[in-house]
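Visitor: Residue numbers for the sequence shown follow this note's numbering, beginning at 1022 and rising by one. Note that the Cβ used here is the ideal one computed from N, Cα and C, for glycine as well. I am attaching a structure below and will ask some questions about it afterwards.
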Amino acid sequence: MSHNHVAQTFDLSKGQHSLKVISRDINARLDKLLLTTNPNYVPSGKEDSPSAIDANYRFDHWAGDIVGNSNPVDIQMSSDKEVYAYFVVTEDFITPPTSVVDLKPG
């Protein structure tokens, strides 16, 4: 975990409270954070598709005014909130095949 952090404050236009979300790793992106006031919103599945810049990070857990590792999470905005999003570095391992079947010269 880096000692740096990225802070983004979101000012919801409906209501009087602010939500500050802080990423605890400078390289993990929060630009895909989705806030909605629609309680019936259903994600399409395209919102969280990884890109090359954040492919080596995955969300791990929340801290602050929200705790746990559920993602997505509902936030009841009854007061100002400060939430920390923790990410971990991932390593993608590719398992090579153990044998080649039916290989013919081309």
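(1) Can you round the beta-carbon distance between Val1109 and Asp1086 to whole angstroms, since I take them to be within the 8 angstroms contact cut?
(2) Grab me the residues of Gly1089's own chain with a C-beta within less than 8 angstroms of its C-beta, minus the 5 sequence neighbours each way, in chain order.
(3) Note the first and the last residue of the continuous beta strand (DSSP E) segment covering Val1104.
(4) Can you tell me whether Gln1037 is buried or exposed? The criterion is at least 16 other CB atoms within 10 Å of its CB, across all chains shown.
(5) May I ask you to report which of helix, strand or coil DSSP gives Asp1095?
Guide: Checking against the coordinates, here is how it stands:
(1) That belief does not hold up - the Cβ atoms of Val1109 and Asp1086 are roughly 21 angstroms apart, past 8 angstroms.
(2) His1082, Trp1083
(3) 1102-1110
(4) exposed
(5) coil
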